[in-house]
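For the sequence shown, the numbering used here begins at 26 and goes up steadily by one. Glycine residues also receive a C-beta, built at the ideal position from the N, C-alpha and C atoms. Predicted, not measured: the structure shown is a model, and the values here were computed from it.
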Amino acid sequence: MNADIGQRLTRAKNNVDRLGAEIVGFVTNESTYTRAAYIDPDGNGRVYIRSVAPFPEHWGLLIGDIVTDLRFSLDYAAYELSVRGSGQNPPPRPRRIEFPVFLHEERFMACNDRGQPLPSSGLAKIEHVTGTARTIIERVQPYKPGNGGEPYWLWVLHELCNLNKHRFIPVSLNYLTRAVIDLTARDATVDWVEAQDVERFEPNAVIGLFHVTRNPDPSTPQIDIDIETATDVIFQLEDPTWGYQVRSTLTDMCKSVDALVKELDAALPIHGAPP
């Protein structure tokens, strides 16, 4: 494997480990979010999120660095394969070269009336890649059968990188499982408690409903709240990754890029390049 590719992959893996450890520390910290309860005069109550601690500011940069290093690893591989395929360094039309990622086959295969690949096509990006390596690149395209269904990692990487060019990749705190809520009331009897599903774990989000029967001549009932829940940091994009856990998504993506680069290296060694 080309040393530059190895350095990119190593840095991405190290940053994923670092981010993962920081996320675990954040979501398990009791001060990450506060909650409160409200009871109306009829005894109907709700448990809601009062505040959520802001994410560390450097997470946006860290996530951006991870997806950029993974994407560049693939682009570096495409370039080295083009060098070896063409026998020239730099290869002809080097600015075209990158690892193609296409959701539609007709765009990947697009040619002009003379049968020459259009500059924007996937074929043009790998015109110097030959043999098994070329077959592998075409096989992993998101438009290929079997690569659809759940958002395919290569397309997710492509979209995250495009977003990262313009702004930080948005993430949010959210449930993995519905909360288990235990309420203890003073000057009242808790009749029932029902946890609620929430779309986003944010201030004023209602995470539980309950009802209490007030005892005679009480002041406002005092409610003690005990909540057990599993939360994690998720991508907040509408498409293609909304709701996907940041840690597991980036970890799996690292493994997928590493495996793909190794497969390409086995097909056409990219340990070095002709001078």
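Three-way DSSP call (helix, strand, coil) for residue i in this model
{"i": "ILE194", "result": "coil"}
{"i": "LEU234", "result": "strand"}
{"i": "GLN247", "result": "strand"}
{"i": "LEU289", "result": "helix"}
{"i": "ASN199", "result": "strand"}
{"i": "ASP42", "result": "helix"}
{"i": "VAL223", "result": "coil"}
{"i": "THR274", "result": "helix"}
{"i": "THR266", "result": "coil"}
Residue j beta carbon less than 8 Å from that of residue i
{"i": "TYR73", "j": "ASN27", "result": "no"}
{"i": "ARG71", "j": "VAL223", "result": "no"}
{"i": "GLN247", "j": "ASP283", "result": "no"}
{"i": "TYR168", "j": "HIS129", "result": "yes"}
{"i": "VAL286", "j": "LEU185", "result": "no"}
{"i": "SER146", "j": "ILE122", "result": "no"}
{"i": "VAL52", "j": "GLU227", "result": "no"}
{"i": "THR157", "j": "LEU293", "result": "yes"}
{"i": "ASN40", "j": "ASP90", "result": "yes"}
{"i": "PRO125", "j": "ILE64", "result": "no"}
{"i": "ALA204", "j": "GLU253", "result": "yes"}
{"i": "MET278", "j": "TRP178", "result": "yes"}
{"i": "THR276", "j": "PHE260", "result": "no"}
{"i": "ARG272", "j": "GLY45", "result": "yes"}
Cα-Cα separation, residue i to residue j
{"i": "ARG60", "j": "THR238", "result": "22 Å"}
{"i": "LEU99", "j": "LYS150", "result": "12 Å"}
{"i": "GLN113", "j": "GLU47", "result": "45 Å"}
{"i": "GLY110", "j": "LEU188", "result": "32 Å"}
{"i": "ASP249", "j": "LEU198", "result": "24 Å"}
{"i": "PRO79", "j": "TRP217", "result": "33 Å"}
{"i": "ALA220", "j": "ASP29", "result": "50 Å"}
{"i": "GLY140", "j": "PHE133", "result": "13 Å"}
{"i": "ALA135", "j": "ARG120", "result": "18 Å"}
{"i": "ALA291", "j": "PRO116", "result": "21 Å"}
{"i": "VAL49", "j": "ILE206", "result": "22 Å"}
- Query: Curious, which full-length beta strand (DSSP E) runs of at least 3 residues does the region 61-130 contain?
  - Reply: 69-77
Query - Uninterrupted alpha helix (DSSP H) stretches inside the region 131-188 (no shorter than 4 residues) - result: 147-150, 156-164
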